[in-house]
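Which chain is which? The protein sequence lines are A and B, in order. Counting from 43, one number per residue, gives the positions in the first sequence under the working numbering. Counting from 55, one number per residue, gives the positions in the second sequence under the working numbering. Glycine included, every Cβ here is placed at the ideal spot set by N, Cα and C. Here the structure is a predicted model, which means the values were calculated and not measured. Accompanying notes for the structure given below.
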Amino acid sequence: MVTPPWRINEILDRAETGPVCLEKDFDLKILVPELRRVIKDYDIQFDPLTPVPSDNSLADSMWNAAMDLYLEVGTLCTDTHRRIIFTEDEIKEALGNFPGKFTFGYGCDSREITNRQIEDTKRPFCMLSPDITCDEDLFVPMSMAYLQEPLADGVCAPILDEIEGMPIRSGYPTEVKGSVAHAMMFREAARRVGRPGIFLKSVGTAESDAAQIAASNPEWGERLTDGRFVASVTELKINNSLLNKMVHFHTYGCFVGALTGPILGGYTGGAEGTAIVGIAYHIQGLLVNQAHFQNYFPFHLKHTCNTTRELLWVISTTYQALARNSNLISTSNGFTAAGPCTPMVLKEAAAHSLVSVVSGGNLWEIAVAKNKHKNYATPMEARMAVEVGCGAAKEKYSREDVNEIILNLLKMYEDKIPDAPLGKNFRECYDIRKCKPSTEYMNLYKNSKKELIDYGVPFIY
Amino acid sequence: MTLESLFEALKRSVEEFKLEEAKNITKELLKAKVDPLKVINDVLGPTMEEVGEKFDKMEIFLPELMGAAEVMKETTAILTTHLKESAIEHPKPKGKVILGTVHGDIHEIGKDIVKIMLEVSGFEVFDLGRDVPSIQFIERAEEVGADIIALSALMTTTMGSQKEVIELLEALGKRENFIVIIGGAPTSETWQKEIGADGWTETAGGAGKLATKLIEGKVK
């Protein structure tokens with residue numbers, strides 16, 4: 043039997059019998075010093091002039107540093123105060139048994155997702171997602187707008203924070219109710235655009251384990267061909283609620299994704315530490331979260347985006363390390379500073395996908411406007427990202443090509459990140475009844491595309 | 055060593071979070087009969103302010119900030135113990151703050167930074183941790199006689215719990231007893247106004263200034 047899952051009972055047992063460790067000690071006495079050690083031992087250095095490095099030995103050193111780190115640190119279960127630790131042989135066994143490809147979705151809407159290589163010409167798997175809350179009445183039109191994007195291989199729905207006039211609160215009955223409604227409406231939206239079998243990632247509305255479990259139902263809710271997330275607690279931690287989800291998803295039989303976002307500026311420190319922890323998260327994701335795929339969104343503590351120079355380097359080096367040393371499958375989740383219908387957001391989206399795809403990632407596009415404003419996301423930002431990402435693969439772009447383009451793109455938006463424009467919300471950008479973008483946004487898109495082509499940015503068509 | 059060089063060494067030991075070194079220098083300063091308040095006001099306070107500014111500019115990161123804050127806290131404890139023993143009036147905290155990540159939310163980094171920034175700004179902070187039931191904020195605030203309730207939320211799906219705390223305070227007729235401040239990545243000034251919180255800070259680093267402004271301005 044292929045992994046995942048890799049010996050579920052071992053994880054549950056170690057979460058209760060591993061070495062005792064208080065959380066504060068785990069953060070400051072284990073993770074931080076070990077991370078500093080491996081950065082030094084493996085001589086990892088961020089180069090601001092090369093956000094997309096072409097140095098294979100750097101990628102390998104980073105993988106080795108992450109393996110070394112994870113073997114020493116492991117994962118802390120914050121409920122039991124126990125560290126879940128693995129031997130090198132166990133990690134190799136899990137990695138060695140990982141198949142490296144799955145078929146997501148069903149019927150004619152199904153798509154294969156695989157691991158990718160550096161500078162791979164294979165088209166990336168494209169997940170499209172608003173990654174934000176929306177008004178209840180916008181849920182179906184917004185979902186349909188994303189679902190009908192032609193390059194979408196899978197879609198993740200917006201998040202509900204109200205249901206039938208009631209606010210949804212995590213851990214409350216309204217969360218169960220909202221999560222069930224979310225799953226039902228998302229299925230309906232997929233059928234209405236003629237893609238009933240498309241891979242759906244749900245249920246973002248369900249933060250708690252109970253609400254996630256409530257939405258598992260092949261008839262009206264989450265199917266076996268869909269995907270669900272087991273997140274992590276920052277950094278390299280897990281808890282019983284998350285492990286509950288892991289056990290449920292695997293016994294139910296759906297696809298499991300590990301959701302991981304190391305924070306630059308937090309415990310991981312700068313770019314070097316953030317990337318190494320990001321790679322370690324992928325190892326944790328396979329063994330602890332027991333994931334078929336990982337969704338990776340390192341982000342900036344202050345700006346809550348990942349299109350800064352440092353974070354593009356983090357994304358690039360993480361994917362290069364994974365591509366050269368494993369067959370793990372990972373989607374790269376973009377977070378922009380600017381909001382919809384601004385020239386800046388389209389440049390950020392292009393930058394994120396270019397870096398991700400040339401470095402070996404698949405795509406998950408894209409959270410915008412610093413991921414904090416309800417209704418602020420549209421498929422147009424995601425469209426830009428995936429058209430560029432697929433273009434980079436098709437046109438056989440190299441890391442050197444992309445590095446040069448990124449340096450130019452950064453010149454255009456980098457200094458605007460702290461006060462990035464909020465842009466317009468979904469209602470202002472789309473005809474809600476027809477699920478179509480406004481003329482204003484279409485024109486902006488066309489003009490931005492022309493400008494980006496002048497800078498050498500590739501498009502699939 | 056001269057007084058200036060001792061002050062400089064203490065500043066450096068805080069910045070480089072060398073706890074033992076900082077403790078030794080502090081004891082040396084006390085032996086030399088230097089006013090503990092002068093050490094707190096002229097060295098430790100400004101040093102932590104500088105450290106906080108560096109963190110805000112991302113010149114240093116969370117482990118360095120936490121390390122420096124720990125040294126500052128331990129050193130200040132030595133100095134205030136000495137003040138108590140000498141029967142000198144020691145500085146009172148600016149106020150008491152109940153702090154936690156709201157119900158349903160397991161994220162703590164932002165809250166941890168807020169704790170440091172509040173402590174170095176002179177507040178006594180009672181950290182309730184994460185996933186804190188709404189009523190617990192109120193019960194603890196009453197128990198310790200808190201001035202401020204500070205609510206952190208990192209998820210769009212848990213922001214509602216910030217509102218719930220305020221609604222509970224209002225329903226219990228206790229809203230006027232506390233200043234309520236909120237923060238966290240998905241929150242905004244608009245959300246603060248919508249739920250009727252007294253203050254919001256975009257970055258965790260701004261929490262100290264916000265709390266000071268609100269408590270000094272007696273907004274409540």
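If you drop the 5 nearest sequence neighbours on each side, which residues of the same chain put their C-beta closer than 7 Å to that of A:Thr310? Leu77, Glu277, Pro304, Thr316 and Val319
Using a 10 Å radius around the Cβ and a threshold of 16 neighbouring Cβ atoms, would you call A:Leu494 buried or exposed? buried
Would you please verify whether the beta carbon of A:Met43 is less than 9 Å from any beta carbon of chain B? Confidence at A:Met43 is low in this model, with a pLDDT of 43, below 50, so its placement is unreliable and the value that follows should be read with caution. By this cut-off, A:Met43 is not an interface position.
Return the residues of the region 293-325 of chain A that lie within a Cβ-Cβ distance of less than 7 Å from chain B, sorted by chain order. Ile305, Gly307, Gly308, Tyr309, Gly311 and Gly312
Applying the criterion that 16 or more other CB atoms from any shown protein chain within 10 Å of the CB defines a buried residue, is A:Ser99 buried or exposed? exposed
Would you please verify whether the beta carbon of A:Glu249 is less than 9 Å from any beta carbon of chain B? yes
Which residues, in order along the region 197-231 of chain B, keep a beta-carbon less than 9 Å from a beta-carbon of chain A? Met209, Thr210, Thr211, Thr212, Met213, Gly214, Ser215, Lys217 and Glu218
Pull out every residue of the region 232-243 of chain B whose Cβ sits closer than 7 Å to any Cβ of chain E, in chain order. Among the chains of the structure shown, chain E does not appear; the protein chains present are A and B.
Counting only beta-carbon separations shorter than 9 Å, does A:Ser244 have a partner in chain B? no
Starting from A:Thr373, follow its DSSP beta bridges and name the residues at the other end. A:Asn337 and A:Asn404
Work out the CA separation of A:Cys432 and A:Lys491 for me, nearest whole Å. 14 Å
Just list the residues that DSSP pairs A:Val197 with in beta bridges. A:Leu170 and A:Leu242
Report the start-end ranges of each alpha helix (DSSP H) in the region 172-213 of chain B that is 4 residues or longer and not cut off at the edges. 188-198
Can you tell me whether A:Asp162 is buried or exposed, with buried defined as 16 or more other CB within 10 angstroms of its CB? buried
Hey, how far is the Cα of A:Arg79 from the Cα of A:Arg265? 44 Å
For the beta strand (DSSP E) that contains B:Lys245, what are its first and last residues? The sequence shown places Trp at residue 245 of chain B, not Lys. Element bounds for B:Trp245: not the beta strand (DSSP E) but the alpha helix (DSSP H), Glu243 to Ile249.
Just checking my contact of A:Leu118 with A:Lys279 at CB under 8 Å: how many whole Å lie between their CB atoms? 5 Å
If you measure between the beta carbons of B:Leu205 and B:Ile170, is that distance less than 9 Å? no
Quick check: the Cα distance between A:Pro260 and A:Asp461, rounded to an integer number of angstroms? 45 Å
Should A:Ser212 be flagged as near chain B, meaning a C-beta pair shorter than 9 Å? yes
Looking at chain A, is there any beta carbon in it that lies within less than 9 Å of the beta carbon of B:Gly262? no
Could you list which residues in chain B have their beta carbon closer than 7 Å to that of A:Asp83, in chain order? Simply none; closest approach about 18 Å.
Any residues in the region 118-130 of chain B with a beta carbon nearer than 9 Å to a beta carbon of chain A? Which ones, in chain order? Glu118, Met120, Gly121 and Glu124
For A:His290, which of A:Lys219, A:Asp473, A:Ala252 and A:Asn281 has the nearest alpha-carbon? A:Ala252
Look up A:Ala409 in the DSSP assignment and say whether it is helix, strand or coil. strand
Is it buried or exposed for B:Ser215, if we count other Cβ within 10 angstroms and need 16 for buried? buried
If you reduce the DSSP assignment to three classes, tell me which class A:Pro215 lands in. helix
For B:Gly183, which residues of its own chain have a beta-carbon under 8 Å away from its beta-carbon, when the five flanking residues on both sides are left out? Gly154, Thr155 and Glu162
Taking the DSSP output, what are the residues bridged to A:Ser258? A:Glu264
In the region 168-195 of chain B, which residues sit with their C-beta less than 8 Å from some C-beta in chain A, listed in chain order? none
Could you tell me whether the Cβ atoms of B:Ile284 and B:Leu60 are closer together than 9 Å? Nothing about residue 284 of chain B can be reported from this structure: the residues present for chain B run from 55 to 274 only.
Could you work out which residues of chain A lie near B:Met112, taking near to mean beta carbons separated by less than 7 Å? Gly307 and Lys344
Buried or exposed (CB count within 10 angstroms, at least 16 for buried), B:Ile189: exposed
Return no unless some Cβ of chain A is closer than 9 Å to the Cβ of B:Ile160. yes
Quick one: what does DSSP say B:Lys146 is sitting in, helix, strand or coil? coil
What number of angstroms, rounded off, separates the C-alpha of A:Lys436 from the C-alpha of B:Val186? 50 Å
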